[in-house]
Amino acid sequence: MTDLLDSMLDLMRRLPPSKVEENVNTLTNICPDYADDLLSSVDQPLRVMVDSATGREYLACDYNRDGESYRSPWSNEYDPPLDDGTTPSPKLRKLEIAANEAFDTYRELYFEGGVSSVYLWDLDDGGFAGVVVLKKVLTSTSTASPSGSWDSIHVFEASERGRNAHYKLTSTIMLHLVTKTSSKAKGAPPAEDGNSGGTGEIVLSGSMTRQVEQDHPLADPSSHITNTGRMVEDQETKMRNLLQDVYFGKTRDVVHDLRSVDDLENARRQRDLQRELVGLMKK
């Protein structure tokens, strides 16, 4: 059984990240006995739902799922309704409400839109765990404008140690970008099929996971929100910079090596000038 699950996970790592939801659904239909194990092991793009009781949006993920129902962080109710659904203890529920309000402010300041949700649950050893999920969707306004989505999942465990608390944070970011252009590169010859010679559609998608463990002072229960908020903010900043410097930078270098965006006539003139200067220096 373990070998079959490992094979399914190995297959998911080789399939296109942009079709992870479709691929997961296909695998769960083929092997329904492993549906729960697969869903809990594979990070999927977050799904936006609306709380019918409050009218507020929230995010559906594996951490607020019970069977086929998802719990709203605003009303603490399941959709579709579930009588025996898992909910946090009253003390932890109070902290969950405050955390959702705090990260909703964080989302508005950093993302200027999107949806955020925080879910907490009790652990057997007396501590608690939780997840902070954020999603921002960029909708294309024209055929040439980019579109995409940003999904971040921050799972953490908190254990109190006297006046301090130890936190283990696992952050996963899923990025999906699509750019389309039909503009002709300056100086580029027309394509053989008569098209304008544009770059067409470029799809960039993938995921990144990082872990960190830290100790922070604990003055009162609300300190958990401050501590986890600082850790989530630092991790998102580091991972966003890494995406920009490494992944986008490398993609830009590859594209520039494959296709020239400079005027071809100017490039020829520069080469001729270089050859002329080299010839004069030799003389």
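In the UniProt record's numbering, the protein residues as written are 1 to 283.
A virtual CB, placed ideally from N, CA and C, is assigned to each residue, including glycine.
In this text, all values refer to a predicted model and were calculated from it rather than measured experimentally.
Spatial neighbours of S41 within its chain, please: C-beta separation below 8 Å, excluding the five flanking residues on both sides. On the sequence shown, residue 41 is found 41 positions in, with the first residue counted as 1. Beyond the five residues adjoining it in sequence on each side, S41 comes within less than 8 Å, by CB distance, of L5 and L9 in the same chain, given in chain order.
For V133 versus S117, is the C-beta spacing smaller than 8 Å? Position 133 of the sequence shown, counting from 1, holds the residue named residue 133. Position 117 of the sequence shown, counting from 1, holds the residue named residue 117. For V133 and S117, yes; Cβs fall inside 8 Å.
For T228, count neighbouring Cβ atoms within 10 angstroms of its own Cβ and tell me buried if that reaches 16, exposed if not. Translated into positions along the sequence shown, residue 228 becomes position 228. Taking all protein chains in view, the Cβ of T228 is crowded by 16 or more other Cβ atoms within 10 Å, so the residue is classified as buried.
Under three-state DSSP, which class holds D151? Working through the sequence shown from its first residue, we reach residue 151 at position 151. Here D151 sits in strand by DSSP.
Would you list the residues sitting across from Y34 in a DSSP beta bridge? Within the sequence shown, residue 34 is the residue found at index 34, counting from 1. Note: Y34 sits in no beta bridge, so no partner.
Going by beta carbon distance, what residues of the same chain come within less than 7 Å of D37, once the five residues before and after it are set aside? Against the sequence shown, residue 37 aligns to sequence position 37. Taking C-beta separations shorter than 7 Å and ignoring five residues to either side along the sequence, the partners of D37 in its chain run L5, following chain order.
Inter-stretch contact (C-beta, 8 Å, three-pair minimum) for the region 237 to 248 and the region 161 to 169: At 8 Å Cβ cutoff, the stretches do not touch.
Apply the 10 Å Cβ neighbour rule to N23 and answer buried if 16 or more other Cβ atoms are within range, or exposed otherwise. To locate residue 23, count along the sequence shown from 1; it is residue 23. Buried: at least 16 other Cβ atoms inside 10 Å.
Between G206 and the rest of its own chain, which residues show a CB-CB distance below 7 Å, the 5 nearest in sequence each way excluded? Translated into positions along the sequence shown, residue 206 becomes position 206. Within the same chain, G206 has close Cβ partners P17 and L175.
Spatial neighbours of V50 in its chain, beta-carbon cut-off 6 Å, leaving aside the 5 residues before and after: Reading the sequence shown from its first residue, position 50 is the one you call residue 50. E57, listed in sequence order.
Return yes when the Cβ of M208 is within less than 8 Å of the Cβ of I173, no when it is not. Here residue 173 corresponds to residue number 173 of the sequence shown, with the count starting at 1. Here residue 208 corresponds to residue number 208 of the sequence shown, with the count starting at 1. Closer than 8 Å, so yes.
Considering only their Cβ atoms, is the gap separating L39 from R47 smaller than 8 Å? Locating residue 47 in the sequence shown gives position 47, counting from the first residue. Locating residue 39 in the sequence shown gives position 39, counting from the first residue. Not in contact: R47 and L39 (Cβ atoms no closer than 8 Å).
Q270, buried or exposed, once every other Cβ within 10 Å from all chains shown has been counted against 16: As a working mapping, residue 270 is identified with position 270 in the sequence shown. Counting Cβ neighbours within 10 Å, Q270 comes out exposed, since fewer than 16 surround it.
DSSP three-state call for E112: helix, strand or coil? Counting from one through the sequence shown, the residue named residue 112 turns up at place 112. DSSP, reduced to helix, strand and coil, places E112 outside both helices and strands of the structure shown, so it counts as coil.
For G206, the first and last residue of its enclosing beta strand (DSSP E): Walking along the sequence shown from the start, residue 206 turns up at place 206. For G206, the enclosing beta strand (DSSP E) begins and ends at G200 to P217.
Please state whether the Cβ-Cβ distance between P45 and E68 is less than 8 Å. Residue 45 sits at position 45 when you count from the first residue of the sequence shown. Residue 68 sits at position 68 when you count from the first residue of the sequence shown. No, the pair does not count as a contact, with Cβ atoms beyond the cut-off.
List the DSSP bridge partners of N164. Looking up residue 164 in the sequence shown gives position 164. In the DSSP assignment, the residues bridged to N164 are R161 and P217.
Residue interval of the alpha helix (DSSP H) (run including V232): As a position in the sequence shown, residue 232 is number 232, starting the count at 1. Where V232 is concerned, the enclosing alpha helix (DSSP H) stretches over S223 to L242.
If we ignore side chains and look at the alpha-carbon of each, how far apart do N100 and D66 end up? As a working note, residue 100 is residue 100 in the sequence shown. As a working note, residue 66 is residue 66 in the sequence shown. Going from the Cα of N100 to the Cα of D66 covers about 20 Å.
Which same chain residues, not among the five before or five after S75, have their C-beta less than 7 Å away from its C-beta? Within the sequence shown, the letter at position 75 stands for residue 75. Contacts found: D51, A53 and T54.
Which residues in the same chain as L177 place their Cβ atom closer than 6 Å to its Cβ, once the five residues preceding and following it in sequence are excluded? Reading the sequence shown from its first residue, position 177 is the one you call residue 177. G148 and L204.
8 Å Cβ cutoff met for P73 and E96: Taking the first residue of the sequence shown as position 1, residue 73 is located at position 73. Taking the first residue of the sequence shown as position 1, residue 96 is located at position 96. Yes, the pair counts as a contact, with Cβ atoms nearer than the cut-off.
Where does S7 sit, in a helix, a strand or coil, going by DSSP? Position 7 of the sequence shown, counted from the first residue, corresponds to residue 7. Here DSSP, grouped into helix, strand and coil, assigns S7 to helix.
Member of T143, K168, D253 and R252 whose CA lies at the smallest distance from the CA of E213: Reading the sequence shown from its first residue, position 213 is the one you call residue 213. The option with the nearest alpha carbon to E213 is K168.
Tell me whether R271 sits in a helix, a strand or coil according to DSSP, three-state version. Taking the sequence shown and counting its residues from 1, the one referred to as residue 271 is at position 271. Reduced to three states, the DSSP call for R271 is helix.
Span separating the alpha-carbon of Q211 from that of S171: As a first step, residue 211 must be located in the sequence shown, where it is residue number 211. As a first step, residue 171 must be located in the sequence shown, where it is residue number 171. The alpha-carbon of Q211 is positioned some 6 Å away from that of S171.
In angstroms, rounded to a whole number, what distance separates the CA positions of F156 and H256? Along the sequence shown, one-based indexing puts residue 156 at 156. Along the sequence shown, one-based indexing puts residue 256 at 256. F156 and H256: Cα-Cα distance of roughly 40 Å.
What is the C-beta distance between K180 and E201, in whole angstroms, given that I count them as a contact (C-beta under 8 Å)? Locating residue 180 in the sequence shown gives position 180, where the first residue counts as 1. Locating residue 201 in the sequence shown gives position 201, where the first residue counts as 1. Contact flag correct, Cβ pair sits at about 5 Å.
Whose CA, out of R14, D151, M231 and G127, lies closest to the CA of F111? Locating residue 111 in the sequence shown gives position 111, where the first residue counts as 1. Nearest C-alpha to F111: D151.
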